[in-house]
């Protein structure tokens, strides 16, 4: 006997097998061989009992299994069929009614009936044929080839590499981590054969999956850390930072980031949809094409997490948009910090307090759960995460992640204020112990302890506790992880320090921006062309993620060589002298950071 639900609900394999398959795929290629008669349809079949007063054994099993949120909804069948072969009586003019009648007849003996919804169909004709926009974008790429040859000439600019600052290593490591996480999560949302339970339903795996968004705070902390320290150090001998200089810093960043983002956005809005075909190609890739065709321009304004956010082109770029919005905000705060040094801690303390209060009120008003529980249904519907209000308000909005940048400013200011002192010279052993207790104990504690009560013990939802946790989780995580990285930079020998000094980070870090932009393309391509349901198991997920990462970084290498590096060189050649000076000043700041870091380490 095997438990298919948690706690005390058990069914035999024979009973479990009585239920209709949650996922079913007919042979897509066989359907396409029918030529003009080809019709391959995907739909959801909502199951209900034939007689609600006298339900069948199968319906009772379905209800029991589906009542546990950590199981798939077995009353919601996701099927993809070749209509001419599976439901030959269904007519194209009345497909929903025809497939509904076909399936009702099929499951009549099980005491079930249902309704068809979310119907989409494929034929041999392309759903989105080549149009004038595709042609314009394609032709627009041709003149660039000669320019790329010019830009790659070794006589144009010296690309001798410089040593990356210790803080930048953290950013690179964080970007690699974010890319890995983005590659992993969709692997749990595929069609799954449910005869064998998979690791995704493990309570302890869920502890980390449900708190994955906290990891992004690390990047926000260190980005603001580097920005604050670099600017304050650059203007060390001046009373204030010039607004004009800050404007040039922003322009420099915009020019550096936007070309690669524009290329990927236009690719998703044009030629990507023509690369292949599959049972759910138009559901996955086609919908992304429609979103990008409509909203690609919000990406280059870095407002895609605010403007029409439910139809976001390149959904993973919410982080890039948010980071850019924070960048502008932080430039103003740093300018104020430099001008009024006595108000630094009141400013940062007030901002952090307001953010905590706003997060509590927001969670309370919308009655969000303590954690976004990674149930199978939620993971399967990742393609519909854009309309999810909790994701919108607590992850992609400026309020949701603001604690990380504020705390990063604090660490950056501390390092600047004590740059000539070795903060951890005395009692290094004690500081080493504190490093592990605060960084690892605190960081993991804010994930594991609340998660244990919510996901393992499954305590009932309490709006006050949920709002309190939401308000303090990111600040606590950012403080603890930020301290761990800060102490490692200042010379505390630890696992953190060794990871930051790992040589492959230099190579991976140079490619992570392009990999970050491209990785969803590789994942969605694989999902879109899949011909059958897949079984999810921990090791198979690992292999799958490894393959996605490899393809992402290979594609990123091409994008970096063709777009990022030429853009960087063109920026150096064409920008006005003042902006060029600002760029050089920025690099000089980083080199000075390296020198300080080396002395501290």
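Numbering (my numbering), first residue to last: 2 to 602.
We put the CB at the ideal spot given by N, CA and C, even for glycine.
Here the structure is a predicted model, which means the values were calculated and not measured.
- Secondary-structure assignment with DSSP links residue 134 through no beta bridge to anything.
- DSSP, reduced to helix, strand and coil, places residue 371 outside both helices and strands of the structure shown, so it counts as coil.
- Residue 365 and residue 464 have their C-alpha atoms some 6 Å from each other.
- For residue 82, the enclosing beta strand (DSSP E) starts and ends at 77-83.
- One Cα belongs to residue 518, the other to residue 556, and the distance between them is close to 10 Å.
- Under a 10 Å Cβ-count criterion, residue 426 is classified as exposed, with fewer than 16 other Cβ atoms of the shown protein chains found around its own Cβ.
- With 16 or more other Cβ atoms inside 10 Å of its own Cβ, residue 395 counts as buried.
- 9 Å or more divides the Cβ of residue 222 from the Cβ of residue 444.
- Closest by C-alpha distance to residue 71, out of 520, 553, 373, 523, is 373.
- The three-state reading of DSSP puts residue 115 in strand, counting E and B together.
- In the displayed model, residue 73 falls within coil according to three-state DSSP, outside both helix and strand.
- Contact between the region 352-370 and the region 298-311 is not established, with fewer than three Cβ pairs separated by less than 8 Å.
- The count of Cβ pairs closer than 8 Å, one atom from the region 343-356 and one from the region 316-329, stays below three, leaving the stretches out of contact.
- Boundaries of the alpha helix (DSSP H) around residue 417: 404-418.
- In this structure, residue 484 and residue 439 form a Cβ contact; the two beta carbons are roughly 5 Å apart against a cut-off of 8 Å.
- Here residue 313 has 305, 387 as same chain residues with Cβ atoms under 6 Å from its own Cβ, once five neighbours each way along the sequence are excluded.
- Residues 262, 266, 314, 315, 318 of the same chain have their beta carbon placed closer than 7 Å to that of residue 300, with the five preceding and five following residues left out of the count.
- Secondary structure of residue 46 (DSSP, three-state): strand.
- Under the 10 Å beta carbon count, residue 68 is surrounded by fewer than 16 other beta carbons and is classified as exposed.
- Beta-bridge partners of residue 122 (DSSP): 42.
- By the criterion of a C-beta distance shorter than 7 Å, residue 232 is surrounded in its chain by 242, 335, once the five residues flanking it on both sides are discounted.
- Under the DSSP assignment, residue 26 falls in the beta strand (DSSP E) whose first and last residues are 24-26.
- Per DSSP, residue 436 is one residue of the alpha helix (DSSP H) stretching across 429-436.
- With a 10 Å radius around the Cβ and a threshold of 16 neighbouring Cβ atoms, residue 90 comes out exposed.
- By the Cβ-count criterion, residue 475 is buried, with 16 or more other Cβ atoms from all chains shown falling within 10 Å of its own Cβ.
- C-alpha of residue 40 to C-alpha of residue 119: approximately 16 Å in a straight line.
- Rounded to the nearest whole angstrom, the CA to CA distance from residue 505 to residue 512 is 11 Å.
- Within the same chain, Cβ atoms closer than 6 Å to the Cβ of residue 416 are found at 230, the five residues on either side in sequence being excluded.
- Here residue 115 is near residue 78, since their CB atoms are less than 9 Å apart.
- Take the alpha-carbon of residue 509 and the one of residue 538: they are about 27 Å apart.
- Residue environment: residue 132 is assigned as exposed (fewer than 16 neighbouring CB atoms within 10 Å of its CB, all protein chains considered).
- When rounded, the separation of the alpha-carbon atoms in residue 501 and residue 253 is 27 Å.
- The beta carbon of residue 525 sits closer than 7 Å to the beta carbons of 285, 286, 289 from its chain, once the five residues preceding and following it are set aside; these are given in chain order.
- Shown here for residue 460: same chain residues with a beta carbon closer than 8 Å to its own, the five before and five after excluded, namely 454 in chain order.
- For residue 479, the number of other beta carbons within 10 angstroms of its own is at least 16, and it is reported as buried.
- A Cβ-Cβ distance of about 7 Å is found for the pair residue 495 and residue 437, placing them in contact under the 8 Å criterion.
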